[in-house]
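What follows is a single structure, written as structure tokens, with notes after it.
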Amino acid sequence: MKLNLKNIAVATYILSGLGTTVQAKDYISDKVEKFKWNDLEVVYIEDNRFPTYGLGIYFADGALGDGSVKGSIQAAFDYMSLGTRRFSRKEIADNIEFFGASMGNEVTHEFSNYAVTGLVKDIIPTVKKMCHLFHDATYPKAELDKEKKRSISGLENSAQNPGFVASRAFREISLEGTPFSYPVGGKIKDIKRWDSKILKEKLAYINHDVKKRIYLTGPKEVLNIKNVIADDCGWKGQGKFVRDVAYTKNESTGGPHITLVTVNKANQAQVRIGKTLSQADSGSTELQKLTSNYLGGGFTSQLMNVLRVENGLTYGVGAFVGMQKHYGRAGIYTSTNVETLGKLLTKTKETLDRNSEGKIDERGFNLTKGSLAGGYPFAFESSKALLAQLMTLDHLGDDYSKLTEFPTKLRSLTQKDLISEIQNVFAWDKQDIVILAPKNALDSLKEFGKVKVRSYKEFL
Amino acid sequence: MRNLKFIKNRSYLNLTPLLISSLILSCSHQSSTSKQESTQKALEQDSNGMVHLEVKKYTLPNGLKLLVYENHKLPIFSYYTFFDVGGRHEGEGTTGATHFLEHLMFKGAKKYGPGQFNFLIEGNGGQTNAYTNFDNTVYYEDLPITSGEQDMVEKVIDIEADRMDNLALVPEAFEKERNVVLEERKMRYENRPGGKLYLSMMQSIFEGTPYGGSVIGSVADLKSLTREHVSNYFKKFYTPDNATVVVAGDVDADEVYEMVKEKYGEMSPSSKEIQDYRVSRDNPDLYKHRGRYGRHVKIKANSTTPQFMLAYPSVATGIHKGYVLDILSSILGEGASSYLNQKYVASKRPILSTIYASNYTLKYSGVFFIGGELLPKKGIYWFKKQLVKDLKKSCDSAIDERSLQKTKNQYLISYVSSLETNNGVAHFLGMRENFFNDYAYYKKELDIYEKISVDEVKSACKELFNSDNFIMTSVWDKY
């Protein structure tokens with residue numbers, strides 16, 4: 069096909085590849101509106117293509133607001149629908165699901181997001197119901213006890229999901245000494261402490277004290293929820309609290325620090341390698357994305373090539389480098405046969421060392437830049453996904469230009485930048501290595517350093 | 274499948290959520306929408322909220338089918354290739370061959386040799402993956418339309434045509450990929466009680482039929498599959514008359530057709546012998562349920578509480594009764610307000626931590642199953658009897674106008690959500706074309722759903738649950 073230049077010219081918003089910052093800026097400025105409802109900030113993307121909407125409510129606190137009862141913020145969100153002063157659990161579920169609407173939340177340590185999707189024609193009654201839950205949830209003891217029992221049962225049986233347990237243990241071990249190591253949803257011992265009073269207090273805190281921001285997409289008529297948000301939810305911008313935290317993490321050296329988390333009867337070892345990052349450890353967002361994709365993004369990454377393509381050691385491997393507002397994490401995640409665990413770690417170390425020493429694979433470097441730049445327009449395909457990105461930028465305090473300038477900044481990155489980032493982030497002696505496997509994996513780990521052995525139950 | 278998009282353990286053609294919208298959704302060919310209008314509003318809706326997909330369909334002389342959906346909102350596109358081959362085409366000793374072949378399709382062909390496929394797709398900002406189930410093998414790429422001076426639509430067509438016509442099957446890559454598949458098997462099934470449970474349930478309910486194997490394959494078969502096996506398999510099924518290509522995005526349909534014709538047009542269709550073989554695998558008699566009902570299959574696995582699946586024989590995709598059973602499954606087990614959730618999970622004295630129901634329709638058969646997990650100290654044997662008894666009673670108490678309408682509302686959201694991206698649209702169209710020879714078949718299905726009444730759902734419910742044709746499968750570490 070000849071290049072479809074006509075289409076390119078007439079398309080309202082052209083965002084392809086590198087050098088399209090101007091068009092992306094146009095897209096953001098034309099499509100994204102910011103305004104206030106009373107004193108409450110609203111970010112809106114008009115999208116007329118579907119009879120549906122997406123609503124996200126950002127709360128400027130997360131699990132760090134738990135206080136002494138861990139997991140209570142998450143639980144306050146999760147269990148709002150267990151009952152209110154007017155409606156039973158069954159009535160609430162039936163009412164929300166009758167509209168085909170879905171409500172859910174994501175709680176991180178730093179912030180929380182409550183998301184609602186549904187049909188535009190039903191947005192008013194659905195949001196009214198949501199407001200009712202936020203204000204009148206009572207967490208009836210009988211219902212809460214059932215959910216606690218269910219959560220505990222799920223955690224007690226989590227050995228059936230080795231990937232979940234490995235990631236949970238890895239978080240706790242690699243973030244040890246920071247406020248971010250504890251699981252957002254708490255542990256079994258914490259779940260036992262939840263009660264109606266505590267959860268109501270947490271909900272009241274979320275409602276009244278914490279700063280909120282509305283993110284909304286759909287046809288113009290979805291803006292009709294303005295009065296519902298003000299009158300039914302009572303959110304008029306009065307909550308001002310924004311979570312801030314100061315901490316110092318001592319630099320980990322003399323490693324790697326290896327922990328074998330034992331679980332019986334597994335015939336595969338889950339592998340997690342990484343470390344906590346401070347702002348000083350890591351470069352720009354663009355460099356973080358370049359690094360994680362170069363090492364472990366897609367089927368052409370360095371680690372995928374070495375571990376899967378060349379050696380058939382694993383089904384999949386990935387890497388991530390990313391900063392939250394107050395901390396960051398870098399990690400590599402994969403799995404392998406218990407018998408090939410040693411070989412997998414050796415090959416991983418060789419790959420990291422080779423790149424740290426400056427031996428960057430030029431083809432891989434260029435490919436990763438091409439991949440990130442070429443895939444850039446996909447960030448704008450779904451309005452709901454774009455809105456989520458804007459929420460993250462707002463949380464981090466970054467301007468939306470961070471999104472629009474991504475291709476330009478990416479283009480300016482050099483191999484030297486990448487080497488430096490890998491040295492800072494993935495230096496082998498600074499890594500925490502967490503292996504979830506049966507005890508017999510210990511032998512193959514000893515050659516990599518001193519190994520701590522812990523039971524997976526410690527992390528539940 | 275190579276990675277995340279793995280759909281073996283759920284209905285890959287779950288028509289219910291995609292199609293219902295009873296009152297509202299429909300599809301028609303609009304001929305007058307201009308490109309500029311499309312840019313502003315990719316999916317036109319009429320005053321009733323109906324969504325229209327404007328699609329052009331072409332068929333090459335060698336049998337290859339092409340669907341193109343133009344969406345000029347952004348300079349990106351999705352490219353799907355559906356092959357009408359899956360686990361049901363495998364024979365004894367060759368389970369897993371279809372899926373293994375899917376992996377090998379990324380390992381190089383004649384023009385684009387080993388490693389080039391992924392480098393070309395990912396290096397130009399794209400993503401690619403594939404999945405295999407009992408009926409289909411499906412490949413896709415999401416890409417920008419251009420990369421530098423390169424026309425990526427043209428490039429993908431060239432790459433896909435190359436591997437369909439000239440797969441290399443390099444011996445060294447073959448052996449390495451065998452290990453990768455074995456690791457995948459461990460990850461998805463051997464180490465997961467839920468995976469073991471699903472495999473066993475499917476093998477029990479479809480015992481003695483082409484659906485009674487496993488798509489991932491047995492370890493013994495995977496270890497013994499030879500390059501010749503897979504090569505023969507490729508020759509039999511990867512032919513233009515057994516494939517459908519779907520392109521959705523910022524493309525010109527007629528230009529895409531011209532390029533596809535150029536790259537795929539010279540490929541030969543299957544020989545008469547191979548066509549006859551394929552037809553022989555489509556004989557509905559092969560797929561008649563012949564499971565040994567009334568059994569309780571118990572599997573020892575690493576789960577501290579019992580997990581179960583209670584399976585009843587269901588019908589193939591496209592059969593009227595299947596649509597009724599779709600609705601029944603949603604009323605019983607979809608969402609917190611569903612009947613079984615309220616009865617066993619949210620009740621005063623809960624027995625289960627989770628429960629769900631699904632009507633999984635395949636091309637020539639189906640299974641209706643209810644799955645869940647018991648809370649600690651609840652007995653599986655007692656529960657099985659209770660569940661069977663309660664299901665018989667559920668038909669009169671669970672199904673009413675409100676639960677029916679609720680289900681239809683839920684389906685509408687799912688339907689629209691599936692069309693939010695080019696990838697979603699391409700998959701949606703390709704599934705219907707591959708199953709029904711008609712990408713717009715959902716219009717007929719919408720009519721069916723619209724007309725389904727409470728009485729009809731109740732009747733199907735009673736017929737299903739008053740029968741003793743069920744098989745219980747459970748996993749537990751105490752077995």
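Here the protein sequences line up with chains A and B, keeping their order. Each residue of the first sequence is one higher than the one before, counting from 69 in our numbering. Each residue of the second sequence is one higher than the one before, counting from 274 in our numbering. No residue lacks a Cβ here, since even glycine has one placed at the ideal position from N, Cα and C.
When 9 Å is used as the limit between beta carbons, F701/B is near no residue of chain A, the shortest such separation being about 14 Å. Distance from A337/A to W262/A at the Cβ level is roughly 34 Å; contact not present, criterion being Cβ atoms closer than 8 Å. Q370/A counts as buried, since no fewer than 16 other beta carbons sit within 10 angstroms of its beta carbon. Against G398/B, the close residues of chain A are S84, G85, G438, S439, L440, A441, G442, G443, Y444, P445 and F446, in the order they occur along the chain (beta-carbon pairs closer than 9 Å). Under the 10 Å beta carbon count, T414/A is surrounded by fewer than 16 other beta carbons and is classified as exposed. In the three-state reduction of the DSSP assignment, Q499/A falls in the coil class.
Using a 10 angstroms sphere on the CB of S611/B, the tally of other CB atoms reaches 16 or more, which defines it as buried. Contacts with chain A at 8 Å (Cβ-Cβ) include P348/B.
In the displayed model, Q491/A falls within a helix according to three-state DSSP. Taking a contact as a CB-CB distance under 8 Å, the pair A493/B and T354/B does not count as one, their CB atoms being some 30 Å apart. Interface residue (Cβ-Cβ distance to chain B less than 8 Å): S360/A is not classified as such. The count of Cβ pairs closer than 8 Å, one atom from the stretch 320-330 of chain A and one from the stretch 295-308 of chain A, stays below three, leaving the stretches out of contact. Under the three-state reduction of DSSP output, K534/B falls in the helix class. In the DSSP annotation of this structure, the continuous segment of the beta strand (DSSP E) that includes Y283/A starts and ends at K280 to G286. Across the stretch 161-173 of chain A, CB contacts with chain B closer than 7 Å involve A161, D162, E165, F166, F167 and G168, in sequence order along the chain. Annotation for A334/A: P230, A505 and P506 place their beta carbon closer than 7 Å to its own, counting only its chain and skipping 5 residues before and after. Note on the stretch 456-494 of chain B: there is no whole beta strand (DSSP E) run with a minimum of 3 residues. For P119/A, the nearest CB of chain B lies under 8 Å from its own CB, placing it at the interface with that chain.
Contact of F367/A with chain B is assigned, a C-beta pair being separated by under 8 Å. With 16 or more other Cβ atoms from the protein chains shown falling within 10 Å of its own Cβ, N361/A counts as buried.
Rounded to whole angstroms, the separation of the alpha carbons of K616/B and V588/B is 27 Å. Listed as beta-bridge partners of V529/B by DSSP are no residues whatsoever.
Beyond the five residues adjoining it in sequence on each side, V110/A comes within less than 6 Å, by CB distance, of F103 and I282 in the same chain, given in chain order.
For L340/B and T382/A, the gap between their C-alpha atoms comes out near 36 Å. Taking 8 Å as the CB threshold, T405/B stays off the interface with chain A.
Looking only at Y207/A, Y395/A and P193/A, the smallest Cα-Cα distance to T316/A is reached by Y395/A. Under the three-state reduction of DSSP, A205/A is assigned to strand. Leaving aside the five residues that flank R568/B on each side, the residues in its chain whose CB is nearer than 6 Å to its CB run, in chain order, I744.
Within the same chain, P466, K469 and V748 come within 6 Å of A574/B by CB-CB distance, once the 5 residues on both sides are set aside.
Across the structure, V329/A and F248/A are spaced so that their CA atoms are roughly 20 Å apart.
Annotation: E674/B has no Cβ neighbours in chain A at a cutoff of 9 Å; minimum Cβ distance is about 11 Å. Residues S350, G351, L355, Q356, L358, T359 and V389 of the same chain have their beta carbon placed closer than 8 Å to that of E489/A, with the five preceding and five following residues left out of the count. Between the alpha carbons of L605/B and V640/B lies a distance of about 15 Å.
Against chain A, a Cβ distance below 9 Å from S576/B picks out N225, A227 and Q228. In the DSSP assignment, M171/A falls within the unbroken beta strand (DSSP E) covering S170 to V175. For chain B, the residues of the stretch 371-394 of chain A that bring a beta carbon within less than 8 Å of one of its beta carbons are R376, V377, E378, N379, G380, L381, T382, Y383 and G384, in chain order.
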